[in-house]
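Trainee: The letter at position 97 of the sequence shown is residue 82 when you use my numbering, and the numbering goes up by one with no holes.
The beta-carbon is built from N, C-alpha and C at its ideal position, and this holds for glycine as well.
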Amino acid sequence: MNVYDSDRMTDALVKDGYISTDVMEDADLVLLNTCHIREKAAEKVYSALGRLRDLKKKKAGEGRQMMIGVAGCVAQAEGDEILRRAPAVDLVIGPQTYHRLPEALKRVRRGERVLETDYAIEDKFEHLPAPDKAKTRARGVTAFLTVQEGCDKFCTFCVVPYTRGSEVSRPVAQILAEAGKLVEAGVREITLLGQNVNAWHGLGGDGAEWGLGELLHALARIEGLARLRYTTSHPRDMDETLIAAHRDLPQLMPYLHLPIQSGSNRILKAMNRRHTTAEYIALITRIKAARPDIAMSGDFIVGFPGETDEDFEDTMRLVETVGYAQAFSFKYSTRPGTPGADLGDQVPEEVKAKRLERLQEFLLSQQRAFAQACIGREIDLLLEKPGRMPGQLIGRSPWLQSVNVDAKASQIGDIIKVRITGAGPNSLFAETIS
Ligand code: SAH
Ligand code: SF4
-14 MNVYDSDRMT
-4 DALVKDGYIS
6 TDVMEDADLV
16 LLNTCHIREK
26 AAEKVYSALG
36 RLRDLKKKKA
46 GEGRQMMIGV
56 AGCVAQAEGD
66 EILRRAPAVD
76 LVIGPQTYHR
86 LPEALKRVRR
96 GERVLETDYA
106 IEDKFEHLPA
116 PDKAKTRARG
126 VTAFLTVQEG
136 CDKFCTFCVV
146 PYTRGSEVSR
156 PVAQILAEAG
166 KLVEAGVREI
176 TLLGQNVNAW
186 HGLGGDGAEW
196 GLGELLHALA
206 RIEGLARLRY
216 TTSHPRDMDE
226 TLIAAHRDLP
236 QLMPYLHLPI
246 QSGSNRILKA
256 MNRRHTTAEY
266 IALITRIKAA
276 RPDIAMSGDF
286 IVGFPGETDE
296 DFEDTMRLVE
306 TVGYAQAFSF
316 KYSTRPGTPG
326 ADLGDQVPEE
336 VKAKRLERLQ
346 EFLLSQQRAF
356 AQACIGREID
366 LLLEKPGRMP
376 GQLIGRSPWL
386 QSVNVDAKAS
396 QIGDIIKVRI
406 TGAGPNSLFA
416 ETIS
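1) What are the partner residues of W195, as DSSP defines its beta bridges?
2) For the ligand COA, is there a heavy atom less than 6 angstroms away from the beta-carbon of H21?
3) Counting Cβ pairs closer than 8 angstroms, one from the segment 289 to 297 and one from the segment 324 to 333, do we hit at least three?
4) Taking A123 as part of the alpha helix (DSSP H), name the residues at either end of that continuous run.
5) Kindly list the residues whose CB is nearer than 8 angstroms to the CB of T262, restricted to its own chain and excluding five residues on each side of it in sequence; keep chain order.
6) Out of I4, I160 and Y31, point me to the one whose CA is closest to L14's CA.
7) Can you list, in chain order, the stretches of the beta strand (DSSP E) that have 3 or more residues and sit fully within the segment 60 to 148?
8) When you measure from the CB of C58 to every non-hydrogen atom of the ligand SF4, does any distance come out below 6 angstroms?
9) Across which residues does DSSP place A280 in a beta bridge pair?
10) M301 by DSSP, collapsed to three states: which one?
11) What residues are listed by DSSP as bridge partners for R404?
12) Tell whether a beta-carbon distance below 7 angstroms holds between A310 and F347.
13) Please determine whether the Cβ atom of Q50 lies at a distance below 6 angstroms from any heavy atom of the ligand SAH.
14) What does DSSP give as the partner residue(s) for E174 in the beta ladder?
15) I'd like to confirm the pairing. Which residues does DSSP put opposite S395 in its beta bridges?
16) Kindly give me the distance between the Cβ atoms of I397 and V172, rounded to whole angstroms, as I take these residues to be in contact under 8 angstroms.
17) Are G376 and D399 close, meaning C-beta to C-beta below 7 angstroms?
18) Do A33 and L17 come within 7 angstroms of each other at the CB atom, strictly closer than that value?
19) Rounded to a whole number of angstroms, what is the C-alpha to C-alpha distance between A158 and V145?
20) Quick one: does the C-beta of F289 sit closer than 6 angstroms to a heavy atom of the ligand SAH?
21) Can you have a look at R124 and say buried or exposed, based on whether 16 or more other CB atoms are within 10 angstroms of its CB?
22) Taking the continuous alpha helix (DSSP H) assigned at T226, which residues delimit it?
23) Give the DSSP-derived three-state secondary structure of L385 in the structure shown.
24) Going by beta-carbon coordinates alone, are A60 and I78 separated by less than 7 angstroms?
25) Hey, is the segment 176 to 188 in contact with the segment 219 to 232, meaning 3+ C-beta pairs nearer than 8 angstroms?
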């Protein structure tokens, strides 16, 4: 979502004459878009700000101004502290106020230090300009589109409900219009985004209340839009219509990111996930009945307060049962202000590290086994960008794997039939089928 937000902020500044650069030394404005989900992510912000302060000083010595802004969830959660700890920062702007960015920068240029973290009452998406056509084209043939933000679930480890606020769904017409603009600019694949994307709901064009399943049907009718994905889903919000969409929509890719966090029912309860492992496994069985070739992805947290060796073994068993094509796993990170922070029985760092290592090794072995099992298969490949070797392109498999294939640059955006011939550590190899 931060990638999406950064693009929208960049687009919002086009009309004021801003152009983006990859060279920090050239920039008149450096905007850090930050993540608060784990402590490590948040701490990175302050070390980056230290380096930026030095650069700002150096540029001032050469008579050039450089504005420094902090956006994202660290800005939202620690705005005052950032301004206090980092005097070089000119602007702090939270995720719900990005539409005020152009105005805020004008104030900075007038010499103010700006803090914009009040939740906007107006809908920021109403006020943000549509994606810039030239920039969208330059970003490639796949794009993100936020359809839902915030969360009302309050898992006890998680800061999202506090930083992104309560759950909001964007209206259908707005989503369809934005998707249409992306497709006009050459986008072939859209990934719908939301902290709880499958909790999305809205009033449909037919006057009925829609869920994500109906929205996907409407998006699938956009001509030229070849592929759809969505992330991240909560197991409690996978309704029948959404599951059926996996059966009925060829555009909907057979890959689902469905985090469970832990394989222990005791820990799931303490996390306030409000479902059991048996319910999760039964849900996957139903999804696989609708779309047998679907590949699963997930997230795991090890070392939640009170997690015993036995709880962790339950997680390993769950991973064994489900079999993931890919998964992300993290050591529990205490987040101030969440209920988890007040729990006793914190798991020692070494124990967390050991558990994480075992889990990640196991998940990686499943990922490799999944890749190996793809060898010999004939699949559709969306050609995305130039490969490492001349004459090669990198494409995306239906299961989100990077695939190297010999193809011409003019084919970027095409979907071609290929046969998988090999699997490297991070990508697959394929030959075209004529
Ligand atoms: N809404 C999604 C997850 C959003 S946060 C869901 O409910 O699954 C993305 C991932 O970050 C989570 O799935 C979780 O695995 C991880 N995460 C969130 N808070 C964390 C914390 N305090 N410590 C470690 N990992 C965390
Ligand atoms: Fe965080 Fe996801 Fe739980 Fe919401 S559902 S509180 S975003 S982990």
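Mentor: The structure says:
1) Here W195 is bridged, per DSSP, to G187.
2) For the structure depicted, the ligand COA is absent and the ligand set comprises only the ligand SAH and the ligand SF4.
3) With the cut-off at 8 angstroms, the segment 289 to 297 and the segment 324 to 333 touch.
4) Segment K118 to R124, the alpha helix (DSSP H) holding A123.
5) Hits under 8 angstroms: I245, G248, S249, N250, L253, D299 and L303.
6) Minimum Cα distance to L14 is reached at I4.
7) Correct list: 76 to 78, 99 to 101 and 127 to 131.
8) The ligand SF4 has no heavy atom closer than 6 angstroms to the beta-carbon of C58.
9) Its beta-bridge partners are Y240.
10) In the three-state DSSP reduction, M301 falls in the helix class (H, G or I).
11) For R404, which the question treats as bridged, DSSP gives the partners E363 and E416.
12) Between A310 and F347, the CB-CB gap reaches or exceeds 7 angstroms.
13) No, the beta carbon of Q50 sits no closer than 6 angstroms to any heavy atom of the ligand SAH.
14) Bridge partners of E174: T127 and R212.
15) According to DSSP, S395 bridges with nothing at all.
16) The Cβ separation is near 12 angstroms, so there is no contact.
17) Cβ distance not < 7 angstroms, so G376 and D399 don't count as in contact.
18) Contact annotation: L17 and A33 have beta-carbon atoms nearer than 7 angstroms.
19) In a straight line, the C-alpha of A158 is about 26 angstroms away from that of V145.
20) Not under cutoff, so the answer is no.
21) Burial call: buried.
22) E225 to D233 is the span of the alpha helix (DSSP H), which, as asked, contains T226.
23) L385: coil per DSSP, three-state reduction.
24) The Cβ-Cβ distance between A60 and I78 falls below 7 angstroms.
25) Taking 8 angstroms as the limit for Cβ pairs, the verdict is that the segment 219 to 232 does touch the segment 176 to 188.
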